[in-house]
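J.: The following block contains the structure, expressed as structure tokens.
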Amino acid sequence: MQVVRWSYINNAAIMRFLAAILILSLSITAFGSGIRPVATGRTAHRALSRPSGTRLAANKCVFVLATAHSGSNALMDALNQIPNYLIRGENWAAHLNLFHAYQRLSTLPRAPGQSYINWAEHRHASFQTVKSLYEGQASSRNLPFFTEFQIDRVIIATRLYYNVLYGRYGDGVVSGFKEIRYVCGISLDSNKCEEHFSQFLAFLRRLCIHVKVLLLTRSLHTYYANPGIFEGLAESLRQKTEKDLEKTHEVYDAFVERYPEVVFRVHTEDMFD
């Protein structure tokens with residue numbers, strides 16, 4: 005398992021080491037074979053493939069996913085000491101609803117509207133064709149266009165949304181956000197945490213052209229190692245929270261093993277003397 009370690013957050017040598025790892029890996033590789041530019045047509049695909057021209061997605065991104073009270077602000081600040089990095093907070097779950105849309109559409113085996121219109125076949129159809137499809141169904145059906153969107157359009161919308169909010173400074177800037185909500189029992193269902201985290205990681209993989217993810221927690225998941233998380237909780241809720249935190253650690257560790265070139269593990273205790 006790859007664990008990013010340093011003894012002091014502002015140590016110049018360690019900052020150069022961290023910068024070298026992230027910048028080198030971002031310049032060499034994408035997310036294995038899993039990432040492909042998503043385009044609305046041949047023209048858009050060519051624009052994405054060219055080194056110049058308008059891109060639908062930001063080029064290089066780093067995302068910090070962390071548990072609460074783990075030093076995520078300090079890690080964000082350390083990354084932002086690298087001259088071309090600008091990592092920010094996610095601004096009140098800016099991408100959570102978009103992830104839910106991606107999550108739901110990617111798990112639907114068949115959208116209701118597909119029973120009478122093959123939207124996959126007509127995904128790049130002209131306005132006139134789509135209007136004729138609508139008119140052919142509207143007189144005999146209630147809401148004939150219900151849930152006809154394809155998953156690639158959700159990704160396109162999300163890429164543009166991210167680029168406007170975070171990636172608008174150009175290809176030379178590494179953008180990203182840090183967030184503490186993508187843990188078991190919060191934004192990820194306790195009973196399906198690994199499955200939902202896998203979906204979220206796939207979502208992040210397609211958000212930018214090149215993606216790196218840092219997973220930050222304290223070394224242990226226990227109450228004593230994370231007093232800030234458990235403070236003020238009733239005993240019954242403490243037990244559930246500790247179980248969710250343990251599962252979060254397990255899931256984070258598993259995905260570092262699964263994607264060692266892209267996902268990196270960071271422990272709070274290793275960031276400070």
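Counting in my numbering, the sequence shown runs from 5 upward without gaps.
Ideal placement from N, C-alpha and C gives every residue a C-beta, glycine not left out.
Counting C-beta neighbours from all protein chains within 10 Å, is the total for V267 16 or more, i.e. buried, or is it exposed?
T.: As a first step, residue 267 is located in the sequence shown; it is residue number 263 there, counting from the start. Buried, by the Cβ-count rule.
J.: May I ask you to verify whether the segment 58 to 74 touches the segment 169 to 176, counting CB pairs closer than 8 Å and requiring at least 3?
T.: yes
J.: Taking the Cβ atom as the reference point for each residue, do L220 and L79 lie within a distance shorter than 8 Å?
T.: Residue mapping note: residue 220 aligns to position 216 of the sequence shown, counting from 1. Residue mapping note: residue 79 aligns to position 75 of the sequence shown, counting from 1. Going by C-beta atoms, L220 is nearer than 8 Å to L79.
J.: Would you call the segment 180 to 197 and the segment 245 to 264 in contact, with 3 or more CB pairs under 8 Å?
T.: yes
J.: Indicate whether at least one CB of chain D lies closer than 8 Å to the CB of S202.
T.: This model lacks chain D altogether, as it is built from one protein chain only.
J.: I need the straight-line Cα distance from L208 to D274, nearest angstrom please.
T.: Within the sequence shown, the letter at position 204 stands for residue 208. Within the sequence shown, the letter at position 270 stands for residue 274. For L208 and D274, the distance between alpha carbons rounds to 26 Å.
J.: If you reduce the DSSP assignment to three classes, tell me which class T221 lands in.
T.: Counting from one through the sequence shown, the residue named residue 221 turns up at place 217. T221: strand per DSSP, three-state reduction.
J.: How far does the alpha helix (DSSP H) with H197 in it reach, from first residue to last?
T.: The count along the sequence shown starts at 1 and reaches residue 197 at position 193. The sequence as given places Cys at residue 197; His does not occur at that position. Per DSSP, C197 belongs to the alpha helix (DSSP H) from C197 to R209.
J.: R242 and F234 look like a contact to me (Cβ under 8 Å); what is the Cβ gap, rounded to whole Å?
T.: Numbered from its first residue, the sequence shown carries residue 242 at position 238. Numbered from its first residue, the sequence shown carries residue 234 at position 230. The pair is a contact, with the Cβ atoms about 5 Å apart (cut-off 8 Å).
J.: Indicate whether G180 and V66 have their beta-carbon atoms separated by less than 8 Å.
T.: Your numbering for residue 180 matches position 176 in the sequence shown. Your numbering for residue 66 matches position 62 in the sequence shown. Their beta carbons are under 8 Å apart, which means G180 touches V66 by this criterion.
J.: Going along the chain, which unbroken runs of the beta strand (DSSP E) with 3 or more residues stay wholly within the segment 209 to 276?
T.: 212 to 221 and 267 to 271
J.: For F204 and Y227, I'd like the C-alpha separation in whole angstroms.
T.: Here residue 204 refers to the residue found at position 200 of the sequence shown. Here residue 227 refers to the residue found at position 223 of the sequence shown. Those two C-alpha atoms are separated by around 27 Å.
J.: Under 8 Å by Cβ, that's how I've got L109 and V68 pegged, so tell me the actual separation to the nearest angstrom.
T.: Along the sequence shown, read from residue 1 onward, the residue named residue 109 stands at position 105. Along the sequence shown, read from residue 1 onward, the residue named residue 68 stands at position 64. Between V68 and L109 the Cβ distance is about 26 Å, and since that is not below 8 Å, they are no contact.
J.: For the ligand ZN, I want to know if K64 counts as a neighbour, meaning its beta carbon is within less than 7 Å of at least one of the ligand's heavy atoms.
T.: For the structure depicted, the ligand ZN is absent and the ligand set is empty, with no information on it obtainable.
J.: Just mark G236 as buried or exposed, buried being the case when its beta carbon has 16 or more other beta carbons within 10 Å.
T.: Residue numbering aside, residue 236 sits at position 232 when the sequence shown is read from its first letter. G236 should be labelled exposed.
J.: With a threshold of 16 other CB atoms inside 10 Å of the CB of H104, please say whether the residue is buried or exposed.
T.: For the purposes of this step, residue 104 is taken as residue 100 along the sequence shown, with counting starting at 1. Exposed.
J.: Return yes when the Cβ of K182 is within less than 8 Å of the Cβ of I91, no when it is not.
T.: The residue you call residue 91 lines up with position 87 of the sequence shown. The residue you call residue 182 lines up with position 178 of the sequence shown. Going by C-beta atoms, I91 is nearer than 8 Å to K182.
J.: Looking only at C-alpha atoms, which of V177, Q132, T133 and P87 sits nearest to H214?
T.: In the sequence shown, counting from the first residue as 1, residue 214 sits at position 210. Comparing C-alpha distances from H214 to each of V177, Q132, T133 and P87 shows the shortest one belongs to V177.
J.: Using C-beta distances below 6 Å, list every residue in its chain close to E94, excluding the 5 sequence neighbours before and after it, in chain order.
T.: What you label residue 94 is simply residue 90 of the sequence shown in a count that begins at 1. Within the same chain, E94 has close Cβ partners F181 and E183.
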